[in-house]
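For the protein sequence lines, the chains are A and B, in the order given.
When you line the first sequence up against numbering that gives the first Met the number 0, it's residues 0 to 323, in that order.
When you line the second sequence up against numbering that gives the first Met the number 0, it's residues 0 to 323, in that order.
Number of protein chains: 2
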Amino acid sequence: MTGIGRDVAFDDILAAAERLRGVAHRTPVVTSRTLDARTGGRVFLKCENLQRMGAFKFRGAYNRIAQLTDAERRRGVVAFSSGNHAQGVALAAQLLDVPAVIVMPSDAPAAKLAATREYGAEIIEYDRNTMNRNEIAARLALERGAALVPPYDDAAIIAGQGTVALELLQDVADLDVLVVCTGGGGLLAGCALAAVALRPEIAVYGVEPEAGDDFAQSFALGERVEIPVPQTIADGQQTTSPGELTFPIVKRLCAGILTVSDDGLRAAMRFAFERLKLVVEPSGAAALAALLDGKLDVSGKRVGAIISGGNVDAARYAAIISGG
Amino acid sequence: MTGIGRDVAFDDILAAAERLRGVAHRTPVVTSRTLDARTGGRVFLKCENLQRMGAFKFRGAYNRIAQLTDAERRRGVVAFSSGNHAQGVALAAQLLDVPAVIVMPSDAPAAKLAATREYGAEIIEYDRNTMNRNEIAARLALERGAALVPPYDDAAIIAGQGTVALELLQDVADLDVLVVCTGGGGLLAGCALAAVALRPEIAVYGVEPEAGDDFAQSFALGERVEIPVPQTIADGQQTTSPGELTFPIVKRLCAGILTVSDDGLRAAMRFAFERLKLVVEPSGAAALAALLDGKLDVSGKRVGAIISGGNVDAARYAAIISGG
């Protein structure tokens with residue numbers, strides 16, 4: 000039994016890792032002397048942009064859908080997403096032979112819309128400024144009897160995303176700091192759970208765009224704050240509020256929330272292009288941007304940072320690396 | 000004692016691996032279900048674009064310079080290169096505290112010129128259409144008493160590059176085929192030596208641009224052929240003849256030489272951007288291009304392929320991934 004309302008434990012992350020074995024990539028960890036020189040620390044980048052479908056989201060989606068009953072699988076799944084969760088659910092559903100309907104904003108990056116279709120999912124588009132996606136998805140789930148796969152507020156999703164930090168800490172011992180981008184908080188909550196379980200003294204930070212600082216505001220206040228849809232190039236972090244399930248975990252386990260500007264995200268994407276030879280999408284560059292911008296003093300420290308995804312339209316990417 | 004004229008043995012590659020331990024990155028091997036579906040095989044990509052300075056060239060350069068005597072180190076090194084070898088020598092020399100002069104064509108990619116300068120090397124530019132770089136470099140070596148570090152025709156360089164295949168075969172068992180890009184043949188010869196030593200039944204193929212098929216012609220004829228400077232986007236493969244030392248190794252150990260078009264290289268770079276989230280330079284995409292273009296029937300086979308580098312100007316890369 001999984002779902003909202005149930006707490007997430009380290010054992011759930013271990014169980015997720017078992018489910019994902021041989022299905023998800025165990026993504027590489029890369030280092031850069033240039034990055035170390037820039038930050039003064041020793042930085043280990045966990046490359047979830049090299050995950051299947053190009054982002055960590057596959058982990059949570061697969062972990063969630065794999066736990067459906069046979070009857071639930073036959074009725075299929077519904078998800079709403081600005082992009083990577085859509086692809087994650089579509090691919091996981093395809094692998095598990097489950098029909099999937101994805102509700103996507105009509106202004107989602109073309110590459111993400113196309114990839115989601117390619118994984119065999121049915122797509123329903125909506126206008127993110129005038130329509131409430133949760134209501135659309137809930138109605139669809141009701142009409143079709145399909146199971147809703149939420150993007151972050153779900154124990155199985157959080158546990159799946161937590162396998163990112165689990166692998167990183169298995170591969171790299173003695174991390175002092177872990178920096179994780181956050182939208183709704185699924186990756187951050189899952190990674191905080193895994194990291195603190197394996198290494199209680201670690202300091203885990205979330206990073207979000209300045210324009211979408213709902214997590215930072217909520218963290219400062221101690222309770223969930225709602226903001227308008229943020230205008231940022233980080234299309235994976237346009238959430239308006241931390242998750243109900245993710246926020247208490249983040250509040251309990253994290254050391255703080257950092258914010259980065261869109262320019263900082265662009266500079267981090269260029270750094271990843273020039274120095275790391277990695278394609279990173281705007282949201283995926285948030286943790287790297289926080290380090291490059293000195294948002295945290297990591298001098299002399301061993302720092303894990305998650306590059307969360309690499310799904311970005313060619314035209315947009317071309318403009319950004321060319322300095323646009 | 001290293002240098003041209005001396006044969007290269009598998010033990011030299013093992014010794015190079017020891018020298019490079021903790022200095023070079025052990026680069027990750029990535030897989031893609033999409034690539035497997037496209038080729039019908041199971042493909043393992045060794046990501047030397049994620050090597051220090053962005054290409055495999057660092058391995059050979061470091062292995063060569065590390066074997067200089069103290070007196071030779073004080074007099075410094077000279078190298079000639081269209082790009083990545085320059086950076087490899089510059090970085091290796093910097094790490095080993097050896098002065099370096101690099102002779103580079105004036106039309107080398109700006110990113111490669113800048114990076115070479117950044118590693119602290121002195122750069123001398125020349126016109127590749129009217130001047131003979133070997134003569135310039137040899138004169139410089141003579142005037143300054145510096146040791147020449149050739150880009151491929153050197154036992155220590157070949158042994159260093161061979162560590163790429165050594166690592167790949169250590170990480171992935173039972174490869175049937177290995178596909179390696181080739182310019183002068185240092186990477187190909189070194190990888191063929193390592194691969195055949197570890198797995199005698201493996202079929203090793205070289206890949207070069209159609210316009211610069213000096214290796215293919217030479218392989219077909221059984222002796223080294225000289226061609227005019229080839230016009231191709233693969234700036235790392237504009238050699239006019241296989242190496243004196245590399246060719247006999249390739250002739251003895253390889254199964255064949257494949258060629259790919261510039262359009263094939265561009266398509267492979269786009270595939271790497273869209274599907275692999277890896278920045279790959281034109282030459283670095285040659286082995287991938289050969290597989291994507293079906294230049295070799297690999298259905299049902301386990302295939303290693305080397306992505307050799309990722310150093311490409313942002314403007315050029317932007318144009319290529321945008322379909323230009």
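Quick reminder that beta carbons are idealized off the backbone N, C-alpha and C, glycines included.
Please read all numbers here as calculations on a predicted model, not as lab measurements.
Own chain, CB closer than 6 Å to residue i, minus 5 neighbours either side, in chain order
i, result
"A288 of chain B", "V259, G263, L264, A267"
"R41 of chain A", "D35, R301"
"P98 of chain B", "G75"
"P27 of chain A", "C46"
"T181 of chain A", "L187, G205, E207, F214"
"D175 of chain A", "K300, R301"
"G303 of chain B", "F43, L167, L174, L177"
"I320 of chain A", "R269, F272"
"G255 of chain A", "Y204"
Interface residues of chain A facing residue i [CB-CB closer than 9 Å]
i, result
"N83 of chain B", "The contacting residues do not exist; N83 of chain B stays about 12 Å from chain A at best."
Beta carbon proximity, residue i to chain C, threshold 8 Å
i, result
"A317 of chain A", "The structure shown contains no chain C; its protein chains are A and B."
Contact list for residue i against chain A, beta-carbon separation under 8 Å
i, result
"F272 of chain B", "V278, A313, Y316"
"V29 of chain B", "H24, P27, L49"
Spatial neighbours of residue i in its chain, beta-carbon cut-off 8 Å, leaving aside the 5 residues before and after
i, result
"L19 of chain B", "R58, Y61, N62, G159, T162"
"G322 of chain A", "R269"
"I3 of chain B", "Residue placement at I3 of chain B cannot be trusted, given a pLDDT of 46 that sits under 50; what the coordinates show is reported in the next sentence. P149, D152, D153, A154, E243, L244, listed in sequence order."
"L139 of chain A", "V77, V100, V102, I123, A145"
"L291 of chain A", "L34, R37, T38, G263, A266, A267, F270"
"I324 of chain A", "There is no way to answer for residue 324 of chain A, as the model of chain A reaches only from 0 to 323."
"A31 of chain B", "A small correction: the amino acid at residue 31 of chain B is Ser; Ala does not occupy that position in the sequence shown. Correct list, in chain order: V42, L44, R274, L275."
"R25 of chain A", "E166"
Neighbour list for residue i in chain B, Cβ cutoff strictly below 8 Å
i, result
"G320 of chain A", "Just to set this straight, residue 320 of chain A is Ile in the shown sequence, not Gly. Ordered by position in chain B, the residues that pass the 8 Å Cβ test against I320 of chain A are A313, Y316, A317."
Buried versus exposed, by CB contacts within 10 Å (16 or more), residue i
i, result
"N310 of chain B", "buried"
"A188 of chain A", "buried"
"T129 of chain A", "exposed"
"G211 of chain A", "buried"
"R73 of chain A", "exposed"
"S326 of chain A", "Absent from the structure is residue 326 of chain A, since the part of chain A shown begins at 0 and ends at 323."
"M0 of chain A", "In this prediction, M0 of chain A scores a pLDDT of 38, lower than 50, which makes its location untrustworthy; no coordinate-derived value is stated."
"L277 of chain A", "buried"
"P227 of chain B", "exposed"
"G87 of chain B", "buried"
"D96 of chain A", "exposed"
"Q237 of chain A", "buried"
"N131 of chain A", "exposed"
"N133 of chain B", "exposed"
"L257 of chain A", "buried"
"T239 of chain A", "exposed"
"R220 of chain A", "The residue you asked about is not Arg; residue 220 of chain A is Leu in the sequence shown. L220 of chain A is exposed by the Cβ-count criterion."
"E142 of chain B", "exposed"
"D69 of chain A", "exposed"
"A113 of chain A", "exposed"
"Q66 of chain A", "buried"
Per-residue contacts from residue i into chain A (C-beta, under 7 Å)
i, result
"G53 of chain B", "K276"
Neighbourhood of residue i by C-beta distance below 7 Å, restricted to the same chain and skipping five residues each side
i, result
"D173 of chain B", "R301"
"F246 of chain A", "G184, S217, R223"
"I89 of chain A", "According to the sequence displayed, residue 89 of chain A carries Ala and not Ile. A99, I101, T115, Y118, G119, A120."
"E17 of chain B", "none"
"A194 of chain A", "A164, L168, L177, I201, V203"
Against chain B: residues of the region 296-310 of chain A by CB proximity under 7 Å = G309
Can you list the alpha helix (DSSP H) stretches of 4 or more residues lying completely in the region 140-178 of chain B, in chain order?
-> 154-170
At which residue ranges does the region 24-109 of chain B contain complete alpha helix (DSSP H) runs of 4 or more residues, listed in the order of the chain?
-> 32-38, 56-64, 69-74, 83-94
Kindly provide the ranges of any beta strand (DSSP E) runs that are 3 or more residues long and lie completely inside the region 212-296 of chain B, ordered along the chain.
-> 255-259
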